[in-house]
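Worksheet: the structure to be examined is printed underneath.
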Amino acid sequence: MNWAIIRGETETGATLHYMTEKPDNGDIVAQQAVPILPNDTAHEVFQKVTVAAEMALNDVLPALLAGTAKAAKQDLSQGAYFGGRKAEDGIIDWSQPAQQIHNLVRAVAPPYPGATTQVMGKPMRILQTLVSKCTAAGKEQPAFYVKEGKAYAICGSGVLRVVRFELDGLEMNAAEFAAKYGTEKFEFNR
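In structure tokens form, the structure reads like this:
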């Protein structure tokens, strides 16, 4: 689910299939699609997929028990495999567009480790974002700032509203950040 969100997919689902030696290769007995909404986190999508799997199993269980379930061969050319995620996969590349960074943030939001960066030489975890209608003036460097009580991040293109974040291990809100550090723009450390 993490990869589906990172890739900007709008749909995933649950597939029930026979187990074979090769992973995800057995014949399919049931599927249930699940929408991925623009601000869904991986945890929220996981919860939806869990319900979808229960629905798919409920629909096909009588036929499975009776031995009459119809099975369809998987077309492996229609799928893709992605490796396990590593901590460094959560490091934000601020040169990317706001939408791509938003997808990363929501894909690794708690209970996953969160997307990481550095500001003022301190570690920062970005826990929740929204793609903002704000625009950066000219070609500004990626930076974090607070304006009118809200936190923002200038990206390679576009701006994110940073709804939840931690700085140096402490979760704080925009007002707390501004009271301690001010409202200037702080470039992200590389």
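Just so we're aligned, residue 97 is where the sequence shown starts under the numbering used here, counting upward by one. Backbone N, C-alpha and C define an ideal beta-carbon position, used for all residues, glycine too. Every value quoted in this text rests on a predicted model; they were computed, and no experiment measured them.
query, result
"Where G109 sits in the DSSP three-state scheme", "strand"
"Delimiting residues of the alpha helix (DSSP H) encompassing V255", "Here V255 belongs to no alpha helix (DSSP H); instead the beta strand (DSSP E) covers V255 to L263."
"Where D171 falls, given that 16 or more other Cβ within 10 Å makes a residue buried", "exposed"
"Check whether A203 and I101 have beta carbons under 8 Å apart", "yes"
"Residue environment, K144, which counts as buried when at least 16 other CB atoms sit within 10 Å", "buried"
"Alpha-carbon to alpha-carbon, L256 and E272", "19 Å"
"Span of the alpha helix (DSSP H) around T146", "A138 to A162"
"DSSP three-state assignment for L200, whether helix, strand or coil", "helix"
"Inter-residue spacing [alpha-carbon to alpha-carbon] between E184 and V259", "22 Å"
"Bounding residues of the beta strand (DSSP E) (the contiguous stretch that carries A239)", "A239 to K243"
"Residues near F282 by beta carbon distance below 8 Å, same chain, minus five either side", "V215, M216, A239, F240 and Y241"
"Test item: CB-CB of Q128 and A148 under 8 Å", "yes"
"Sequence-distant residues of the same chain with beta carbon closer than 8 Å to T279, five excluded per side", "Y241, V242 and K243"
"heavy atom of the ligand SAM below 7 Å from E272 C-beta", "Only the bare structure without any ligand can be found here, which leaves the ligand SAM out of the picture."
"Beta-bridge pairing of K276 - partner residues as DSSP gives them", "BP columns for K276 are empty, so no partner."
"Nearest to T108 (by Cα), restricted to the options L160, E140, E117 and T116", "E140"
"Endpoints, the alpha helix (DSSP H) within which A168 is located", "Careful: A168 lies outside any alpha helix (DSSP H) and carries neither H nor E."
"Cβ distance (whole Å) where G245 is taken to contact P209 below 8 Å", "Wrong, their Cβ atoms sit about 28 Å apart, outside the cutoff."
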